[in-house]
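Peer 1: Before anything else, here's the structure in question.
There are 2 protein chains.
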Amino acid sequence: MIVTNTENQELTIENKIDKVFDMEHCEGILCPIKDILAHLGDKWSIFTILALGQNKVARFNELKKQVNGISQRMLTVTLRSLEENGLVSRQIYPEIPPRVEYALTSLGHSLLGQMLQLAEWATSHRDEIEEARQNFKEKKLVF
Amino acid sequence: MIVTNTENQELTIENKIDKVFDMEHCEGILCPIKDILAHLGDKWSIFTILALGQNKVARFNELKKQVNGISQRMLTVTLRSLEENGLVSRQIYPEIPPRVEYALTSLGHSLLGQMLQLAEWATSHRDEIEEARQNFKEKKLVF
DNA sequence: CGGTATCCCGTGTGATACTG
DNA sequence: CAGTATCACACGGGATACCG
Chain W
1 MIVTNTENQE LTIENKIDKV FDMEHCEGIL CPIKDILAHL GDKWSIFTIL
51 ALGQNKVARF NELKKQVNGI SQRMLTVTLR SLEENGLVSR QIYPEIPPRV
101 EYALTSLGHS LLGQMLQLAE WATSHRDEIE EARQNFKEKK LVF
Chain S
1 MIVTNTENQE LTIENKIDKV FDMEHCEGIL CPIKDILAHL GDKWSIFTIL
51 ALGQNKVARF NELKKQVNGI SQRMLTVTLR SLEENGLVSR QIYPEIPPRV
101 EYALTSLGHS LLGQMLQLAE WATSHRDEIE EARQNFKEKK LVF
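Residue numbers (full-length UniProt numbering), protein chains in the order written: chain W, 1 to 143; chain S, 1 to 143.
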């Protein structure tokens, strides 16, 4: 017998949302979720983490090639931000020419898992989204 | 016996990443993942979806109260964008005073699940992140 | 190579005012 | 109530030039 435990799931989801909103109501910097989600939402962060997921370690210009379209400046900024939040480690070798190796920390790896799920979601629902966009366009043309 | 199938998981993750990057290399607007992730990354979209997850349906000003700090303009823009992508439905009742009810579509609900996982991740790792930030600050002070 | 510093422009976003 | 319209402006982010 297959149990469609929709109601149970609904309850769990509701609870989760309530929890999120409890946290969300704290002020400014003190709100961790608002704060963290704002960071992760950044598109360059997402792509940089994905790129670092491909290589175990990567150097600056390697990353720049992988993350299509990112400028030197934004890669620097993004990497610093990720480092600051403990998602990426930065190993400097005092050689000439200088070498710097970036890698995901274990925390970063754990986030990578989340990113991949998001990416999978995006992939598997792209058709629905595309369809919705077409509908929306037509709707606008009618009025 | 507990099997730590790290290697298997690694393989899966690698494969997933490669898949994402295959898609990512297509050009401009044609890249669905780049496109979709960029949308979802928007912080107002995230919070609006979470808010809509709390109520089955919600009216404009209800949402405005729930999504702490959002301006009228940005709520409008965000809702339109979500509607355009098929995540939110918009039901207009031609009454006076006018009434408009927003709700998550099934697609939106499915995305909500993903958002909640992200939020959970953020919650359960906030201490590590906070610690990383402290370390980073100190590191900067040393040099 | 792996950055930092500076400039500068577009647009994202808040504030305010008006409308059906 | 549920928006639209307009303006003003800070800030993200690209281009460029320079440094250790």
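Idealized CB from N, CA, C, for every residue including glycine.
Owing to the predicted nature of the structure, the values given are computational and were not obtained by experimental measurement.
State the start and end residues of the unbroken beta strand (DSSP E) segment that holds Glu101(W).
Peer 2: Per DSSP, Glu101(W) belongs to the beta strand (DSSP E) from Arg99 to Leu104.
Peer 1: Thr76(S): buried (16+ other C-beta within 10 angstroms of its C-beta) or exposed?
Peer 2: Exposed.
Peer 1: For Glu84(S) and chain W, any beta-carbon pair shorter than 7 Å?
Peer 2: yes
Peer 1: Measure the alpha-carbon distance for Glu138(S) versus Val142(W) and round it to whole angstroms.
Peer 2: CA-to-CA, the gap between Glu138(S) and Val142(W) works out to about 60 Å.
Peer 1: Residues of chain W with CB closer than 8 Å to the CB of Ile13(S), please, in chain order.
Peer 2: Gly53, Leu112, Gly113 and Leu116
Peer 1: Going by DSSP, what residue range makes up the beta strand (DSSP E) through Ser89(W)?
Peer 2: Val88 to Tyr93
Peer 1: List the residues of chain W that Leu50(S) touches, going by C-beta distances under 9 Å, in chain order.
Peer 2: Ile17, Val20, Phe21 and Glu24
Peer 1: Exposed or buried, which one is Glu83(S) when buried takes at least 16 other CB atoms within 10 Å?
Peer 2: buried
Peer 1: To which residues of the same chain is Arg59(S) closer than 8 Å at the C-beta, ignoring the five residues directly before and after it?
Peer 2: Arg99, Val100, Glu101 and Tyr102
Peer 1: What residues from chain W crowd round Ile36(S), counting only those whose CB sits closer than 7 Å?
Peer 2: Ala122, Arg126 and Ile129
Peer 1: Using 6 Å as the cut-off, classify the Cβ of Arg80(S) as near or not near the heavy atoms of the ligand ZN, replying yes or no.
Peer 2: Among the components modelled here there is no ligand, and therefore nothing to report on the ligand ZN.
Peer 1: Taking 7 Å as the CB-CB limit, is Lys140(W) close to chain S?
Peer 2: no
Peer 1: Quick test of your reading: Val20(W) and Ile36(W), contact by CB under 8 Å. State the CB separation rounded to the nearest angstrom.
Peer 2: Val20(W) to Ile36(W), Cβ: 12 Å. No contact.
Peer 1: List, in order along the chain, the chain W residues whose C-beta lies closer than 7 Å to that of Lys65(S)?
Peer 2: Those within 7 Å of Lys65(S) in chain W number zero; the least Cβ separation is about 12 Å.
Peer 1: Given this structure, state the Cα-to-Cα distance separating His109(S) from Phe136(S), to the nearest angstrom.
Peer 2: C-alpha separation (whole angstroms): 38 Å.
Peer 1: CB Leu118(S) to CB Lys16(W), shorter than 7 Å?
Peer 2: No; because the gap between Cβ atoms is not below 7 Å, this pair is not in contact.
Peer 1: So, helix, strand or coil for Val57(W), using DSSP?
Peer 2: strand
Peer 1: Gly41(S) lies in the alpha helix (DSSP H); which residues open and close that run?
Peer 2: Pro32 to Gly41
Peer 1: By the 10 Å Cβ neighbour count, where 16 or more other Cβ atoms means buried, how is Ser124(S) classified, buried or exposed?
Peer 2: exposed
Peer 1: Looking only at C-alpha atoms, which of Phe47(W), Ser81(W) and Gln114(W) sits nearest to Glu130(S)?
Peer 2: Ser81(W)
Peer 1: Compare the C-beta of Gly41(W) with all C-beta atoms of chain S and state if any pair is closer than 7 Å.
Peer 2: yes
Peer 1: When the Cα atoms are used, what is the spatial distance from Gln134(W) to Gly69(W)?
Peer 2: Cα-Cα distance, rounded: 27 Å.
Peer 1: Does any residue of chain S have a CB that is nearer than 7 Å to the CB of Ile92(W)?
Peer 2: Chain S contact via Cβ: absent.
Peer 1: Return no unless some Cβ of chain W is closer than 7 Å to the Cβ of Leu107(S).
Peer 2: yes
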